[in-house]
Amino acid sequence: MSDRAVPVGGPIVTPAFRWLMLVFGVGVVMAGWRFIAGLGPVTALSDGYPWGIWIAFDVVVGTALGCGGYSMAILVYIFNKGKYHPLVRPAVLTSALGYSLAAVAIVIDVGRYWNIWKLPFAWRWWNLSSALLEVALCVMAYVIVLWLEMSPVFLEKWKDGPPGLLRNLARSVSPILDRALLWIIALGLLLPTMHQSSLGSVMLLAHNKLHPLWHTPLLPLLFLVSCIAMGYGVVVLESTLSSRAFKRKDETPMLASLGGVTSGLLFAYVIIRLVDLAGRGRLGLVFTSGWLSFWFLVELALFLTPAVMLLNARTRSRTGSLFRIGMLVVLAGSLYRFVTYLIAFNPGPGWSYFPAVPEMLVTFGIVAFEIMVYIILVKRFPILAGARQGAGAH
Amino acid sequence: MAVDRRALLKGLSAAAAAAAVTPPASAAAQRKPAPPDAVGMLYDATLCIGCKTCVVACRKANNLEYEAHSTLWDDPVDLSGRTKNIIKLYREGSRVSYMKQQCMHCLDPGCVGACMMGSFQKREHGIVTWKGDRCIGCRYCAVACPYNIPKFEWDKAFPLVVKCELCSHRLAEGKIPACCEVCPRHAVIYGSYPELLAEAKRRLAEQPDHYYPKVFGEHDGGGTQVLYLTARDVPFEKLGLPTLDEEPVPHLVRTVQHGIYKGFIAPVVLYVALGAVMLRNRKKGGGHE
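Order-wise, the sequence lines are chains A and B. Using our numbering, you'd call the opening residue of the first sequence number 70 and step up by one each time. Using our numbering, you'd call the opening residue of the second sequence number 65 and step up by one each time.
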């Protein structure tokens with residue numbers, strides 16, 4: 070069967086979808102409360118821990134989980150591996166959703182959101198040595214780029230749709246977009262390279278607060294390498310899950326052949342991490358930092374295990390074990406980010422942070438919304454590769 | 065031409081790594097000098113009697129609401145969105161010392177390095193001030209400040225970022241900071257930065273047995289315009305001041321960011337290179353959309 074992307078079809082509002090709506094609804098209410106009462110009553114944030122899970126998870130981990138589109142685009146467009154093309158669309162969709170919702174999380178998190186619009190325009194105020202400014206501008210631009218990368222999906226459908234405004238628009242915009250798309254995709258490769266590394270640089274300023282096992286001038290490089298690996302991990306998870314949920318063709322062989330690259334990236338991360346610590350005489354801290362030693366060793370194990378598993382051609386060609394590998398890769402990069410932004414961050418004696426319940430409910434709501442939009446879009450628009458497994462199922 | 069692409073990626077990561085591990089220049093070379101009109105404060109913990117007159121005066125001078133955590137009229141427990149200046153207690157056995165906390169007005173501040181649109185800036189007299197119209201409330205300033213000074217109004221729907229601005233509004237009227245004006249023991253004094261530094265060193269030289277042998281803020285974190293003296297047996301860490309090296313807080317991130325983004329050349333080169341590789345691939349009939 071063809072690899073052309075086609076809509077999955079089927080009803081949108083299934084029982085599972087209703088649960089997602091409920092979780093999303095609760096999140097909306099909590100977010101509303103935050104805008105009325107301020108951040109204090111809704112979160113466990115403090116002046117010592119000014120950033121909590123909305124930043125560490127929703128934004129820092131969330132955008133890295135949104136690197137599937139970035140990783141696949143590097144492979145397909147730069148290394149010219151056209152055979153992976155069927156993986157690109159769903160990957161870009163998860164990226165577009167991940168980044169858009171990270172942007173929503175930022176709007177909920179920042180205290181003075183009414184000033185955000187000034188960021189891209191007030192160029193005379195820009196502080197060019199602020200890594201966070203770079204992140205903010207790049208993420209804003211990248212959200213637009215991702216949806217432009219996604220736009221052929223919508224245009225394809227509308228072009229052949231019933232006559233009307235949408236069809237006319239699609240038919241007139243499509244040729245222009247076709248010509249510009251290459252340069253848009255190139256931007257889609259440049260921007261994550263910049264802001265994913267800058268997300269590491271952001272924590273360079275927290276000199277005396279970030280534990281020396283995590284504070285290193287190589288933060289930007291480590292963030293970059295790990296986000297590309299995470300991108301592949303996410304593609305594995307997304308592809309396996311959607312082939313199960315929507316009874317699509319199993320893409321394991323294609324995913325398995327990605328294993329070599331991913332394994333290399335994971336090993337590269339571990340080597341950079343250890344050589345850097347050794348070079349600056351900090352290896353001793355690996356065993357003498359109490360709980361943080363534990364987290365460091367877990368991080369290392371999470372990077373090494375999938376790296377080693379991927380070396381075995383038979384392990385990586387089985388759907389089940391490949392899924393577990395993908396899970397480990399995603400966990401590894403997520404843990405590294407979460408520890409760097411929260412667990413290894415210590416503002417001094419007297420401060421502590423554990424997310425408040427409403428704070429978690431907002432995060433759950435955001436994740437639920439992300440899954441809802443994914444389901445709607447793949448059911449109605451041509452995103453997943455065609456071939457349906459078996460017959461009669463939907 | 066796989067080599068080209070590999071070389072491109074290698075070159076990029078090498079550039080990033082090189083920029084990142086550039087050996088730091090000597091601390092003196094990194095240090096930003098104090099502005100010529102720099103002013104500041106000198107707090108001598110050995111003179112302070114903990115009367116908290118300065119806390120009240122600060123509240124009045126800055127129109128700050130009082131705090132009530134117990135049945136006392138005003139009992140702030142830390143700096144906060146309503147308290148820009150506080151006297152804390154250090155106690156170990158029978159040994160007691162006081163500690164005044166407020167913004168340190170760093171020579172090269174972490175908050176200024178962090179702030180995306182320059183809400184935080186070193187303005188007249190080297191005073192670090194905050195302007196609301198440029199602030200989105202991201203709180204990166206609080207993450208970056210080694211002294212945990214910028215405070216956020218957590219219980220407000222439209223919050224401000226609050227911290228000591230050395231009573232710059234009073235300086236403009238020819239007055240001095242309220243805390244320095246009211247201190248009955250002159251434990252905290254206001255003056256020009258070079259004069260205060262000289263005064264601190266004079267005290268150290270005159271009574272070497274009385275003082276811990278260091279002026280906090282002369283070099284710490286690249287230097288601060290608020291200077292501290294403490295008793296010989298109460299080192300600065302015990303007063304809650306962080307242990308910092310002489311490198312200014314934003315120096316490392318500046319080195320890395322400027323190394324990678326100097327003149328925005330690297331990103332433009334990378335962009336063109338990426339586009340070129342993709343054009344080439346498309347001509348060869350590879351994976352295009």
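Where is the CB? At the ideal position from N, CA and C, for every residue including glycine.
Would you say residue 87 of chain B reaches chain A, if we count a Cβ-Cβ gap shorter than 8 Å as a contact? Your numbering for residue 87 of chain B matches position 23 in the second sequence. Note that residue 87 of chain B has pLDDT 48, beneath the 50 cutoff, so the model's placement of it is unreliable and the number below is only indicative. At least 8 Å separates the CB of residue 87 of chain B from every CB of chain A.
Looking at the unbroken alpha helix (DSSP H) that takes in residue 292 of chain B, where does it start and where does it end? Looking up residue 292 of chain B in the second sequence gives position 228. DSSP places residue 292 of chain B in no alpha helix (DSSP H) but in the uninterrupted beta strand (DSSP E) bounded by 290-293.
Let me know the secondary structure DSSP gives residue 318 of chain B once reduced to three states. Taking the second sequence and counting its residues from 1, one reaches residue 318 of chain B at position 254. DSSP, reduced to helix, strand and coil, places residue 318 of chain B within a helical segment of the structure shown.
Within 8 Å, strictly: CB atoms of residue 154 of chain B and residue 252 of chain B: By 1-based counting over the second sequence, the position of residue 154 of chain B is 90. By 1-based counting over the second sequence, the position of residue 252 of chain B is 188. In this structure, the beta-carbon distance from residue 154 of chain B to residue 252 of chain B does not fall below 8 Å.
For a quick check, are the C-beta atoms of residue 432 of chain A and residue 123 of chain A less than 8 Å apart? Walking along the first sequence from the start, residue 432 of chain A turns up at place 363. Walking along the first sequence from the start, residue 123 of chain A turns up at place 54. In contact: residue 432 of chain A and residue 123 of chain A (Cβ atoms closer than 8 Å).
For a cutoff of 8 Å on Cβ pairs, would you count residue 342 of chain B as touching chain A? Reading the second sequence from its first residue, position 278 is the one you call residue 342 of chain B. Yes, residue 342 of chain B lies at the interface with chain A (some Cβ there is under 8 Å from its Cβ).
What are the partner residues of residue 193 of chain B, as DSSP defines its beta bridges? Taking the first residue of the second sequence as position 1, residue 193 of chain B is located at position 129. For residue 193 of chain B, the pairing in a beta bridge is given by DSSP as B:185.
Please determine, among A:158, A:150, A:403 and A:143, the residue with the shortest C-alpha to C-alpha distance to residue 454 of chain A. Here the question's residue 454 of chain A lines up with position 385 in the first sequence. Ranked by Cα distance from residue 454 of chain A, the options A:158, A:150, A:403 and A:143 are led by A:158.
One question on the structure: do residue 327 of chain A and residue 301 of chain A come within less than 8 Å of each other, judged by their Cβ atoms? The residue given as residue 327 of chain A occupies position 258 in the first sequence. The residue given as residue 301 of chain A occupies position 232 in the first sequence. Yes, Cβ-Cβ distance for residue 327 of chain A and residue 301 of chain A is below 8 Å.
Contact set for residue 293 of chain A: own chain, Cβ-Cβ below 8 Å, skip 5 residues either direction: One-based indexing of the first sequence puts residue 293 of chain A at position 224. Counting only residues of its own chain and dropping the five nearest sequence neighbours on each side, residue 293 of chain A has a CB closer than 8 Å to the CB of 262, 265, 266 and 269.
Report back the beta-carbon spacing between residue 391 of chain A and residue 324 of chain A to the nearest angstrom; my notes put them in contact at under 8 Å. As a working note, residue 391 of chain A is residue 322 in the first sequence. As a working note, residue 324 of chain A is residue 255 in the first sequence. Taking 8 Å as the upper bound for CB-CB distance, residue 391 of chain A and residue 324 of chain A are in contact here, some 6 Å apart.
For residue 417 of chain A, go through chain B and note every residue whose CB falls closer than 8 Å to its CB, in chain order. The residue labelled residue 417 of chain A in the question sits at position 348 within the first sequence. Here the neighbours are 212, 304 and 306.
C-beta contact flag for residue 184 of chain B and residue 175 of chain B at 8 Å: On the second sequence, position 120 is the one that residue 184 of chain B refers to. On the second sequence, position 111 is the one that residue 175 of chain B refers to. Contact flag set, yes.
Out of A:282, A:232 and A:242, which has the shortest C-alpha to C-alpha gap to residue 363 of chain A? Within the first sequence, the letter at position 294 stands for residue 363 of chain A. Minimum Cα distance to residue 363 of chain A is reached at A:282.
For residue 263 of chain A, decide whether its Cβ has a neighbour in chain B, counting only Cβ atoms nearer than 8 Å. On the first sequence, position 194 is the one that residue 263 of chain A refers to. Yes, its Cβ sits closer than 8 Å to a Cβ of chain B.
Looking at the strands, I want to know which residues DSSP matches up with residue 165 of chain B. Translated into positions along the second sequence, residue 165 of chain B becomes position 101. BP columns for residue 165 of chain B point to B:150.
Would you say residue 128 of chain B reaches chain A, if we count a Cβ-Cβ gap shorter than 8 Å as a contact? On the second sequence, residue 128 of chain B is found 64 positions in, with the first residue counted as 1. Taking Cβ atoms only, chain A never reaches closer than 8 Å to residue 128 of chain B, which makes this a no.
Contact check, residue 242 of chain B vs residue 231 of chain B under 8 Å by CB: the rounded distance? Within the second sequence, numbered from 1, the residue matching residue 242 of chain B stands at position 178. Within the second sequence, numbered from 1, the residue matching residue 231 of chain B stands at position 167. Contact flag correct, Cβ pair sits at about 6 Å.
Quick test of the definition: if touching needs 3 or more C-beta pairs under 8 Å, does the stretch 124-137 of chain A touch the stretch 94-107 of chain A? The answer is no - the stretch 94-107 of chain A does not touch the stretch 124-137 of chain A, with fewer than three Cβ pairs under 8 Å.
What residues in the stretch 177-204 of chain B bring their beta carbon closer than 8 Å to a beta carbon of chain A? Only those residues of the stretch 177-204 of chain B whose C-beta falls short of 8 Å from the nearest C-beta of chain A are listed: 177, 178, 179, 180, 181, 182, 196, 197, 198, 199, 200, 201, 202, 203 and 204.
At a Cβ threshold of 8 Å, is residue 310 of chain B touching chain A? Position 246 of the second sequence, counting from 1, holds the residue named residue 310 of chain B. At a cut-off of 8 Å between beta-carbon atoms, residue 310 of chain B makes no contact with chain A.
Give, in chain order, every residue of the stretch 239-267 of chain B whose Cβ lies closer than 7 Å to some Cβ of chain E. Looking at the structure shown, chain E is missing, and the protein chains on hand are A and B.
Between residue 131 of chain A and residue 171 of chain A, what straight-line distance do the alpha-carbon atoms span, to the nearest angstrom? In the first sequence, residue 131 of chain A corresponds to position 62, counting from 1. In the first sequence, residue 171 of chain A corresponds to position 102, counting from 1. Approximately 6 Å between the Cα atoms of the pair.
Give the single residue among A:443, A:428, A:451 and A:437 whose Cα lies nearest to the Cα of residue 103 of chain A. One-based indexing of the first sequence puts residue 103 of chain A at position 34. Checked all of A:443, A:428, A:451 and A:437; the closest Cα to residue 103 of chain A is A:428.
Is DSSP giving residue 354 of chain A helix, strand or coil here? Walking along the first sequence from the start, residue 354 of chain A turns up at place 285. DSSP places residue 354 of chain A in helix when its eight states are reduced to three.
Taking C-alpha atoms, which residue in A:346, A:425, A:319 and A:309 lies nearest to residue 285 of chain A? Your numbering for residue 285 of chain A matches position 216 in the first sequence. A check of alpha carbon separations from residue 285 of chain A across A:346, A:425, A:319 and A:309 identifies A:346 as the nearest.
Cβ pair residue 446 of chain A, residue 400 of chain A closer than 8 Å: Taking the first sequence and counting its residues from 1, one reaches residue 446 of chain A at position 377. Taking the first sequence and counting its residues from 1, one reaches residue 400 of chain A at position 331. Not in contact: residue 446 of chain A and residue 400 of chain A (Cβ atoms no closer than 8 Å).
For residue 139 of chain B, count neighbouring Cβ atoms within 10 angstroms of its own Cβ and tell me buried if that reaches 16, exposed if not. One-based indexing of the second sequence puts residue 139 of chain B at position 75. Residue environment for residue 139 of chain B: exposed (fewer than 16 other C-beta atoms within 10 angstroms of its C-beta).
Reference residue 384 of chain A, options A:105, A:229, A:317 and A:322, closest by Cα: Here residue 384 of chain A refers to the residue found at position 315 when the first sequence is read from its first residue. Comparing alpha carbon positions, the residue from A:105, A:229, A:317 and A:322 closest to residue 384 of chain A is A:322.
Roughly how many whole angstroms lie between the Cα atoms of residue 88 of chain B and residue 314 of chain A? For this step, residue 88 of chain B is matched to residue 24 along the second sequence. For this step, residue 314 of chain A is matched to residue 245 along the first sequence. Because residue 88 of chain B sits at a pLDDT of 49, beneath the cut-off of 50, its placement in the model cannot be relied upon, and the following sentence gives the value as read from the coordinates. Each residue's Cα considered, the two are about 54 Å apart.
Is it right to say residue 331 of chain A is buried, meaning 16 or more other beta carbons lie within 10 angstroms of its own, or is it exposed? On the first sequence, position 262 is the one that residue 331 of chain A refers to. Result: buried.
Where the alpha helix (DSSP H) containing residue 168 of chain A begins and where it ends: Numbered from its first residue, the first sequence carries residue 168 of chain A at position 99. Residue 168 of chain A -> alpha helix (DSSP H) spans 154-178.
For residue 308 of chain A and residue 97 of chain B, I'd like the C-alpha separation in whole angstroms. Stepping through the first sequence from its first residue, residue 308 of chain A is reached at position 239. Stepping through the second sequence from its first residue, residue 97 of chain B is reached at position 33. The alpha-carbon of residue 308 of chain A is positioned some 56 Å away from that of residue 97 of chain B.
Could you tell me the alpha carbon to alpha carbon distance between residue 185 of chain A and residue 121 of chain A, rounded to whole angstroms? To locate residue 185 of chain A, count along the first sequence from 1; it is residue 116. To locate residue 121 of chain A, count along the first sequence from 1; it is residue 52. So the alpha carbons of these two residues sit roughly 20 Å apart.
is_contact[residue 292 of chain B, chain A] using C-beta, thresh 8 Å: Translated into the one-based positions of the second sequence, residue 292 of chain B becomes position 228. No, no contact with chain A.
Name, going along the chain, the residues of the stretch 83-110 of chain A whose beta-carbon falls closer than 8 Å to a beta-carbon of chain B. Hits within the stretch, in order: 104, 105, 106, 107, 108, 109 and 110.
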